[in-house]
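The next block holds one structure in the form of structure tokens; read it before the comments.
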Amino acid sequence: MNKNHRVPSSRSLSAVEVKSKFGAEFRRFSLDRSKPGRFDEFYGLLQHVHRIPNVELLVGYADVHGDLLPINNDDNYHKAISTANPLLRLFLQRKEEAENTFATDPLTRKKNTVLSAVLLRPDATRKKHPVIISLPKDFRPVSSIIDVDILPETHRRVRLYKHGQEKPLGFYIRDGSSVRVTPQGLEKVPAIFISRLVPGGLAESTGLLAVNDEVLEVNGIEVAGKSLDQVTDMMIANSHNLIITVKPANQRNNVVRSGGGGAASGSSGRSSDSGASCYGYSTHGATASMPSHIIQNFSAGELESDEDEEDLVIEAGGEAEPIRRTSSTYSMPSMPRYEPHLNLRTAFTSASAFSIHTNGTLPASNSSGSLNHADANSATPSPDRVRRSLEEEGTVITL
Amino acid sequence: MMKFRFRRQSTDPQREKIKQELFAFKKTVEHGFPHQPSALAFDPKLQLMAIGTKSGAIKIYGAPGVEFTGLHKDTTAVTQILFLPGRGCLLSVLDDNTIHRWELVAESTREVGGVKKEGVVSLREVDSYSLPGRPGIESSSATRVTVLLLLKSCDLLCMGTEGGGVYVLELPRLSLKENQTLLQDHVTQSLPDDYRCGKSLGPVESLQEHPQQAGKILIGYSRGLVVLWDLSSRHADQLFLGKQQLESLVWERSGNLFVSSHNDGGYSVWAVTNGNIYNHQPVSSTIPYGPFPCKAITKILWRTTHSPVILYSGGMPRASYGDRHCLTIQQDKEHVTLDFTSRVIDFFTVHNMDNDKEFDDPSALVVLLEEELVVIDLLTPGWPSLPTPYLAPLHSSAITCSCHVTNVSTKLWERLINAGKAQQSRRHTHRKWPICGGKNLAPPPRQQELLLTGHEDGTVRFWDASGVALTPLYKLSTANVFHTDEMQQQQEEEEEEEWPPFRKVGCFDPYSDDPRLGIQKISLCKYSNKLVVAGTAGQVIVLGLNDERSDHLVDVSVMDLLQDREGFTWKGHDRLEPRLKPAPFLPGFQPLVLLQCLPPASVTAVALHTEWNLVAFGTSHGFGLFDYHRRNAVLARCTLHPNDSLAMEGPLSRVKSLKKSLRQSFRRIRKSRVSGKKRAVITTTSKVQEANAALAEQEEVAPVQRRIEPRSADDSLSGVVRCFCFADTFLRDGTHHGPTLWAGTNSGSVYAYALEVPGVDSGRTCERGGASESSMCVEAVLGKEIQLMHRAPVVSICVLDGRGKPLPDPYEASQDLSIAPDMTNAHSVLIASEEQLKVFSLPKVSAKTKFKLTAHEGCRVRKVALVLFSSAVQEEYSEHTLVCLTNMGDMHLFNMPGLRPQVRFDCIRKEDISGIASCVFTKNGQGFYLISPSEYERFSLSAKVLIKPQCSVPLNCVKMYFLYFSSLMGKADVPRSTLSSPLLDTPLDSPLSCADLTLDSTGELTVEDVRDFLT
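So the sequences go chain by chain: F and V. If you read the first sequence in my numbering, its first letter stands for residue 31, the second for the next number, and so on. If you read the second sequence in my numbering, its first letter stands for residue 332, the second for the next number, and so on.
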């Protein structure tokens, strides 16, 4: 956390040249690299310089690889500023027009033409390239390599984010034996290995885990001396936020730590994808200081905020719920975007639970009327309404 | 960067000291019948009985409460035990041909728990002697010990061997007296030629010392030869040329006669008359169950009274009763064939050993069977059996569940004892227990403890678990609530008229008429004497205690837990048919209401709240709530997940799947064998097939691997209801409390219902009985549903009061039996799942503290109990502690409500799944688990409360030690109101104080934990 705001000094000039494009119009201005300010100030500035004060904008910039990436929060704003070399090229769009425009495109990258083409002919690109990066708010981390700075190079600590998706984790573990160096010489010790990856599963899709990788730790706890069943139980208990430290069977793709800016980015083509997908979420510019964008060091705060622990509490029955729920105040500040999804989901769950309940109660109880009422409330589709009803009825408590 | 470390667990010396005063783990005593007994011995002087087992254990029993246990270093079967009468010393022979000497050794005087113990005796192995095998012979079978004889003088031990040799060892050093060895050749020399006929005499089958003349022994060889051998002069006094294969020998008291029993089911009486060296014919020879071929009489005893009593095992007609386990008692015209349900291991009689007396006058026959101990009173005409005060066969029908009740009131205790006495059969006698080594001088236990066991045959047995001896009190049968065959019993009684005159003895009966009768859950309220018993076929029976016999019809109420869910058909067993006619019920617990769950799946959880007259019960399909006072179903709720098909299949089809998997594994074995053969002859044409087969095999015989996938809602059996909790607490808001019911399921769901109980007004029980009230009904309103995100099965739910202590049981608060719960501060609820322990605040269910056991340790919670631990040193200090047994068989103790780990003890082997599943905790820090189908191991986690045998024995008949047994019950029965624990008096530990919680194994806590604390 202490590194968060360290600015890469070697190549930083004091000012960042900004070229901003909205429609056919360009604006040029400069920003102080060391003091970029906050995103909302920046957003206001853009609206000001383009003289479009009431237009909702999507802000994007071209990164060093030529990918069009969004700027929508302090983190990626700072990232954009810090990586501008020296020109920061911005592309603004009206929000309503801009659907699915952020895309990585290997073709364009190969051709090394920057994204202007994409922006100018959005329809054409969409047809051409089915791989589409969705809107920034839909970004979610799937996996990441963490703690490269503290782990031996032969080990890899992988975090799998199970939450919020239907994909199975998709891997199996087995017993085996591994050779350890001890003072007495080499010694064979029992060990746990990944035995199988399910095609299409999360583990396989990340490309960070492979069959025969030796499992060393599960969420920071060494598995040495533990039985296969114990390790299975530990992994399942941590499955919503699983961090496994492995010794990859294939040691050729290891991250080379000593290399400077961006050198390691090509080391694992697959993992760079996943890296890109999570970095809208890197907090407090943690990545800014990192040599490569695929390597993520999460602040402790984010690492531990496993949403899995939000046990779902459904209130029912009380005709007039006297307690006001201000409950949602506790939820991960670093990931505010999860909230609407989660709440929507839970609201529907609760609705179904209510209906089950009304069916399930034996002799018609007094409360059934009120339950139906609650049912109606929570089933209203408008998200605003749902949100409100959640708070009033206290349907959801995030713990 | 992620190294967000917390302080290591501060080893606060003061806290460590308190922990030592509170917690200590010890396995104290084994209750029940030793598993697989293999040897029996009796010391008539000290009146002690010893039993050896196949696992190498030796147990000594005396008067009720006197027990010693020893375990050989090797778990080899004990084949024989011998007491050195009156010496407090015994010899054991193991299956590996070693002899071990055990002694009861007085421990030095010491102070235990403030009470001075003098001359406490323990059993120790002192010496061992290994018989060398003959060189050159691979197995030592020739020198394998078959029989042992200890001379009355106690200084010489004779050993008969397989090779027919008799060796003499000197005691107590167990040194071989070379010059005394009698080899078979020596005997054969003196045999007449026609008897010798070149054959070996066979192993030594019996060695018996002459009752009157010391130094003369009777040696019986397998071939039938019996030799009266003089040890001092080393020559054969007399030879008895028996022709039948010999099984055993016994002297008549005078020494003028001896009896031999034979392989053909007969026995012979031989006269020992001086002068004649060769005896060719016995005085008499009988085959009692002839004339058709009979099985061998394995052991015979001849005891004298005014007319001799013959006792022998076996000898049954081979064709018709060859499979029976019998022992016959004969005297004059009286003839009884005791018909046991398990194999006879050995037997002895308790009789007069004085040489002055004319007769043996046996008073009792003690028979050790494979599954129980039976004692027959030989003094009372008709030879009735004597109830055993210990060594009870817990498993007379397989134990299916158990339940422990502490601090039972004397009134209920007496009523139970009376009910138990009333049911004892007329064949029981009330004579004194014949094995009475020592006296139990310990004061009676300070509180009465009940252990209830549920059995496969639908019975519930009540045991006195207050002391070292687990004594049966009362047996409740639930079978008569249902329609069963009564004709069978009558037939059995008629059967007795036939020959041989069989009499069924003993209570071990592993064959259950109907497995559906099996008891799954028990709950007893010791204040209102209400009992709930729930079984395999979805039956829930509410019973009340009645001292009078009663004939009545039991009310039946059917509860459909599926609640019209469509698409489900139950493929399991049918429900039990309730009896339609009024049935006679003996004094004791008599059924009031029978609730039948539909579908009739096994009941998985049950809870009783007698103050509200409610019983909650759950199966794999849902749960229900029933008001047994008004006979009114309050609630039925289906917990079934729509995708769960397994829940509907019932137990039968699961057996099928087991069969299937067995078949598969057999196929796999066969396949691998076949392919192994193939490899020898490889032809080019078969190579492709070979490769294919190998591939298929590889797929089938994959290495053990485990799938890593979070639990999902549609896992099978997710709807199984695991636990209930009744509590008077705050569910709706923070100001009004009232009755609530909590239910937890296999998929991590918790349902909390607010109950409207007429007469119970915001937690205060008013006087019942008003006419207006009785017409009102109990109502249940769903208050909250909690879905634990990790979806692990909910093992236990417990509501804690404002001080963080568990709420008292029904009636405890209203009858001032415990301090009233704190209703002013906020309550909380502890939800223990298989993976996590978590405390939530009430009424807003938000997490306060938690401990992620599985995530940290990789073990799963199996059993959980809230236990009050009292300090062994400070009189009035006690702490509520959460005891948690995991699937690794270890006990984790956590403080409440902070959930900080305190200590961990290894208790049960992790492979012992039935042991872990059977574990039950008492409320004061003890527990029981099954170490075999027939034995409970009792253990103590408390430094203060432990019940363990501490006895002494009058050693050498000179030093008279006091024999006593102490139950260190401490002060556990001090009223709780006087117990104040300063540490816990603060209302729930402030969350921040939990920040110093660390886990030894991890060193790292997740920040999410902190977040919880900071909210």
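Glycine included, every Cβ here is placed at the ideal spot set by N, Cα and C.
Asked, Found
"Own chain, CB closer than 6 Å to residue 924 of chain V, minus 5 neighbours either side, in chain order", "873, 886 and 959"
"Cutoff 8 Å: residue 852 of chain V Cβ touching any chain F Cβ", "no"
"CB contact check: residue 1187 of chain V to chain F, cutoff 8 Å", "yes"
"Sequence-distant residues of its chain with Cβ nearer than 8 Å to residue 458 of chain V (five each side left out)", "431, 432, 503, 504 and 505"
"For residue 388 of chain V, the three-state DSSP class (helix, strand or coil)", "strand"
"Contact list for the region 1117-1138 of chain V against chain F, Cβ threshold 8 Å", "1117, 1118, 1119, 1120, 1121 and 1123"
"Cutoff 8 Å: residue 349 of chain V Cβ touching any chain F Cβ", "no"
"Nearest candidate by alpha-carbon position, reference residue 237 of chain F, set F:200, F:205, F:254 and F:266", "F:200"
"Neighbouring residues, chain F, relative to residue 1040 of chain V (Cβ below 8 Å)", "198, 199, 200, 266 and 269"
"Cutoff 7 Å; reference residue 1053 of chain V; Cβ partners in own chain excluding five residues on either side", "935, 936, 1075, 1076, 1077, 1124, 1125 and 1126"
"Residues within the region 199-220 of chain F neighbouring chain V, beta-carbon criterion of under 9 Å", "199, 200, 201, 202, 203, 204, 205 and 206"
"Within-8 Å CB hit, residue 1036 of chain V to chain F", "yes"
"Same chain, Cβ closer than 8 Å to residue 856 of chain V, neighbours up to 5 away in sequence not counted", "862, 939, 941, 1140, 1141 and 1142"
"Chain V contact for residue 238 of chain F (CB, 8 Å cutoff)", "no"
"Sequence-distant residues of the same chain with beta carbon closer than 8 Å to residue 1107 of chain V, five excluded per side", "1089"
"Chain-ordered chain V contacts of residue 227 of chain F [CB-CB under 7 Å]", "Ordered by position in chain V, no residue passes the 7 Å Cβ test against residue 227 of chain F, which lies about 11 Å from the chain."
"Start-to-end residues for the beta strand (DSSP E) that takes in residue 370 of chain V", "368-374"
"Alpha-carbon spacing of residue 1285 of chain V relative to residue 400 of chain V, whole angstroms", "17 Å"
"CB of residue 203 of chain F within 8 Å of CB of residue 262 of chain F, strictly", "yes"
"Whole-angstrom C-beta distance between residue 1281 of chain V and residue 767 of chain V, which should lie under 8 Å", "About 18 Å; that fails the 8 Å criterion."
"DSSP beta-bridge partners of residue 490 of chain V", "V:479 and V:498"
"8 Å Cβ cutoff, residue 262 of chain F in contact with chain V", "yes"
"Neighbour flag for residue 246 of chain F against chain V, beta carbons, 8 Å", "no"
"Beta-carbon separation (whole angstroms), residue 1181 of chain V vs residue 1230 of chain V, contact threshold 8 Å", "7 Å"
"CB contact check: residue 343 of chain F to chain V, cutoff 8 Å", "yes"
"Buried/exposed call for residue 833 of chain V, threshold 16 Cβ in 10 Å", "buried"
"Three CB pairs or more closer than 8 Å across the region 602-614 of chain V and the region 627-643 of chain V", "no"
"Pair within 8 Å by beta-carbon distance, residue 1235 of chain V and residue 1222 of chain V", "yes"
"Residue 396 of chain V, buried or exposed, once every other Cβ within 10 Å from all chains shown has been counted against 16", "buried"
"Exposure label - residue 105 of chain F; buried when at least 16 CB within 10 Å", "buried"
"Partner residues on chain V for residue 192 of chain F, Cβ-Cβ distance less than 7 Å", "1041"
"Neighbour flag for residue 1054 of chain V against chain F, beta carbons, 8 Å", "no"
"Contacts around residue 527 of chain V, its chain only, beta-carbon distance under 8 Å, and the 5 residues preceding and following it disregarded", "519"
"Within-8 Å CB hit, residue 256 of chain F to chain V", "yes"
"From V:794, V:790, V:1245 and V:364, residue whose alpha carbon lies closest to that of residue 866 of chain V", "V:790"
"Segment contact, 8 Å Cβ cut-off, at least three pairs: the region 908-915 of chain V with the region 947-964 of chain V", "no"
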